[in-house]
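Residue numbers (our numbering), protein chains in the order written: chain A, 1 to 278; chain B, 1001 to 1116; chain C, 2001 to 2125. Note that the Cβ used here is the ideal one computed from N, Cα and C, for glycine as well. Okay, structure first, notes after.
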Amino acid sequence: MKKIVLMTTALLMVVGFSNAVMASPEEDRQIFLNFYKERFPNVPQDDYINGVYAIDPVGRENWEAIEEFPPYETAIDAGKSMWDTAFANGKTYSDCFPDGPAIMSKYPHWNKEKGSVITLPLALNACREANGEKPLKYNKGAIANIVSYIAYESRDQVTNVVIPKDDPRALEAYEMGKKFYFTKRGQLNFSCANCHLQNVGMVLRTEILGPAVGQTTHWPVYRSKWGEMGTLHRRFKGCNEQVRAKAFKPHGEEYRNLEYFLTYQSNNLPLNGPGARK
Amino acid sequence: MRKTKYLGILVLAFILVGGIGCATASSDKMSSMKTEMTADDATAAIAAADAARKKAGSVSGEWRDTGKIIGEAEEAAKAGDFAKAVKLANKAKVQGERGYEQMVSQEKLRLPSYFK
Amino acid sequence: MTISKKHLVGTTGLLISVLSIPLLTTSMAFAADAGNAVAEGKDLAFDRKKGNCLSCHMIEDGASPGNIAPPLIAMKARFPDKAKLRAQIWDATAANPDSPMPPFGKHQVISDAELDKIVEYVWTL
Chain A
1 MKKIVLMTTA LLMVVGFSNA VMASPEEDRQ IFLNFYKERF PNVPQDDYIN
51 GVYAIDPVGR ENWEAIEEFP PYETAIDAGK SMWDTAFANG KTYSDCFPDG
101 PAIMSKYPHW NKEKGSVITL PLALNACREA NGEKPLKYNK GAIANIVSYI
151 AYESRDQVTN VVIPKDDPRA LEAYEMGKKF YFTKRGQLNF SCANCHLQNV
201 GMVLRTEILG PAVGQTTHWP VYRSKWGEMG TLHRRFKGCN EQVRAKAFKP
251 HGEEYRNLEY FLTYQSNNLP LNGPGARK
Chain B
1001 MRKTKYLGIL VLAFILVGGI GCATASSDKM SSMKTEMTAD DATAAIAAAD
1051 AARKKAGSVS GEWRDTGKII GEAEEAAKAG DFAKAVKLAN KAKVQGERGY
1101 EQMVSQEKLR LPSYFK
Chain C
2001 MTISKKHLVG TTGLLISVLS IPLLTTSMAF AADAGNAVAE GKDLAFDRKK
2051 GNCLSCHMIE DGASPGNIAP PLIAMKARFP DKAKLRAQIW DATAANPDSP
2101 MPPFGKHQVI SDAELDKIVE YVWTL
């Protein structure tokens, strides 16, 4: 009996403590939104899907000119033909994704059986492998094409990341993504938050630092600097490497959890991928 | 009697000079003490650097260039420039150590004051 | 005490002179290099692979500076103690954990000798 009482008190203490230090994902999202609202009182919430151009009127003009002849159109077309073409075994992507290509808002999500976050590229490669096809490389090329097509077909959807309550590991994954976001990394010792929160709107040499909210709505992106399409995790890699940290494996645990955390902060924002950036 | 005292001073002098010698040597990573680096020195320094790099990686704290610097050290060793190899390896080792410390010091998430 | 004073003085004198040779030569070299140090410090401060200060700070005639951090002006007034300025560049997070400034010395982005030169330059601003 004494033991049970002791254990319960210990448990209550732990729960009480973690409640005190841990904000809920929804509270985090409100903190992000309020932070940006205070910095940029005139930017309407939905405009954050345009990334840094929501707060950079000069860059926005160039970008709008680019969007008139979208550089990602060929990627959408190539992705559509991938979707429509049968694998060697005669099956297609539709056999794995019976709801069709408009499925962007379902990712990333928590998978209870696997005990991990599932991103869209992971699901696409799982489908390929189940059908005897080689998995695609994650950063660019064919994967960016098929995700571009899916993103385009999903354009009327909104971001809707769910952290299911029936599996505490889902919240843990979110918290790990959050920790990653605030951890200073690399020889230059920057966290994601140092640039995209603390110094948002400021100029780093020639680049204006964009807000975190809205950063996930428009992938893949045709980036002028790359001269081609790239995926979200390719951008994670770039942002890690510019502070001289070693990048992590695309769709490995670190970046999966980071995507889970980061995409959550864009909840309720429309999906507008694929996109173009400088 | 007088002899012992004299000896005492000598010993003291040696300790002093020796101590300073050591201090400068260690701040120069022993390079001033030993100018001729051998293949074994290079192998040992590279192994130590790689261990430090891996230790940083074990806490997700590896830096971008550490592996590259170790590669350069290996190449210098292959070319017979052991002094250069040791110098590069030592640089990589410090990177590994700092990267490890960087992550361990942030083991517990500390939200910045601006996040509120 | 039976040792003669002469001996003691002799040994100490010898010790001091031996020790001060390197000290003297470095300080002499320093005086001659002071002007150079400022010029070299400026190059290092502007070098994108070294200090890259312009990335975040406005500095006199530096092209396309960032504005993340305060402009580098009136540095002697802001850092009367040169050692404090050096400490700030060595590791700014020691004084303020939220500072986004890279710990240039601690993380060996620049060497100690390079850091000294940058300090010399920045202190002239």
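Worksheet item: Around the Cβ of Phe69(A), are there at least 16 other Cβ atoms within 10 angstroms (buried) or fewer (exposed)?
Response: exposed
Fill in: For Val243(A) and Gly2066(C), the rounded distance between their alpha carbons
16 Å
Fill in: Bridge partner(s) assigned by DSSP for Glu207(A)
Looking at the DSSP assignment, Glu207(A) forms a beta bridge with Leu204(A).
Worksheet item: Val2122(C): buried (16+ other C-beta within 10 angstroms of its C-beta) or exposed?
Response: buried
Discussion item. Quick check for students: name the residue ranges of the alpha helix (DSSP H) that lie wholly in the segment 2075–2107 of chain C, counting only runs of 4 or more.
Written reply: 2075–2078 and 2082–2090
Practice prompt. Check the Cβ-Cβ distances between Leu197(A) and every residue of chain C, and say whether any is below 8 Å.
Written response: False, the Cβ-Cβ gap to chain C never drops below 8 Å.
Worksheet item: How many angstroms separate the CA atom of Tyr72(A) from the CA atom of Lys1084(B)?
Response: Straight across, the Cα-Cα distance linking Tyr72(A) with Lys1084(B) is about 47 Å.
Worksheet entry | Residues of the segment 2086–2099 of chain C whose Cβ lies closer than 9 Å to any Cβ of chain B, in chain order | Pro2097 and Asp2098
Fill in: Where Ser148(A) sits in the DSSP three-state scheme
helix
Worksheet item: If you draw a straight line from the alpha carbon of Glu26(A) to that of Pro108(A), how long is it in whole angstroms?
Response: 17 Å
Fill in: When Arg155(A), Ala123(A), Ala193(A) and Asp47(A) are compared against Arg256(A), the one with the closest alpha-carbon
Looking from the CA of Arg256(A), the closest CA among Arg155(A), Ala123(A), Ala193(A) and Asp47(A) belongs to Ala123(A).
Item to complete: Determine the contact status of Gly201(A) and Arg60(A), defining contact as a CB-CB distance below 8 Å.
Response: no
Worksheet item: Name the chain A residues that come within less than 8 Å of Gly2062(C), Cβ to Cβ?
Response: In chain order: nothing, as chain A lies at least about 11 Å away.
Worksheet item: Taking a cut of 9 Å between CB atoms, which residues from the segment 1065–1079 of chain B lie near chain A?
Response: Asp1065, Thr1066 and Gly1067
Item to complete: Could you tell me whether the Cβ of Pro2102(C) comes closer than 8 Å to any Cβ of chain A?
Response: By this cut-off, Pro2102(C) is an interface position.
Discussion item. For chain B, check one thing: does any of its Cβ atoms lie closer than 8 Å to the Cβ of Lys2049(C)?
Written reply: Lys2049(C) does not count as touching chain B.
Item to complete: Spell out whether any CB of chain A is found under 8 Å from the CB atom of His2107(C).
Response: yes
Worksheet entry | Cα-Cα separation between Cys172(A) and Pro2070(C), rounded to whole angstroms | Residue 172(A) is actually Glu in this sequence, not Cys. Approximately 38 Å between the Cα atoms of the pair.
Fill in: Beta-bridge partners of Phe190(A), as assigned by DSSP
Arg185(A)
Fill in: Chain-ordered neighbours of Val1094(B) on chain C, where CB pairs are closer than 7 Å
Gln2108
Worksheet entry | Beta carbon proximity, Gln157(A) to chain C, threshold 8 Å | no
Worksheet item: Buried or exposed: Gly1080(B), going by 16 or more other Cβ atoms within 10 Å of its Cβ?
Response: exposed
Worksheet entry | 8 Å Cβ cutoff met for Ala2092(C) and Pro2103(C) | yes
Item to complete: Following the continuous alpha helix (DSSP H) through Glu38(A), name the residue where it begins and the one where it ends.
Response: Pro25 to Arg39
Discussion item. Give me, in chain order, the residues of the same chain whose beta-carbon lies closer than 6 Å to that of Asp47(A); leave out the 5 immediate sequence neighbours on both sides.
Written reply: Ala54
Worksheet item: Distance, Cα to Cα, Lys246(A) vs Ile143(A)?
Response: 23 Å
Discussion item. Along the chain, where does the beta strand (DSSP E) containing Arg1098(B) start, and where does it finish?
Written reply: Here Arg1098(B) belongs to no beta strand (DSSP E); instead the alpha helix (DSSP H) covers Phe1082 to Val1104.
Fill in: Where Pro98(A) sits in the DSSP three-state scheme
coil
Worksheet entry | Rounded distance between the beta-carbons of Val147(A) and Pro121(A), thought under 8 Å | 6 Å
Worksheet item: Taking one C-beta from the segment 1095–1111 of chain B and one from the segment 1061–1068 of chain B each time, how about it: are there three or more such pairs within less than 8 Å?
Response: yes
Worksheet entry | N- and C-terminal bounds of the beta strand (DSSP E) containing Asn111(A) | His109 to Asn111
Discussion item. Here's the rule: buried if 16 or more other CB atoms are within 10 angstroms of the residue's CB, otherwise exposed. What is Pro211(A)?
Written reply: The residue in question, Pro211(A), is buried, as its Cβ has 16 or more Cβ neighbours within 10 Å.
Fill in: Residue burial classification, Ser1105(B) (beta-carbon count within 10 angstroms, cutoff 16)
exposed
Practice prompt. Helix, strand or coil for Val2122(C), going by three-state DSSP, please let me know.
Written response: helix
Fill in: Beta-carbon neighbours of Arg1098(B), restricted to chain C and to distances below 8 Å
Simply Lys2106, His2107 and Gln2108.
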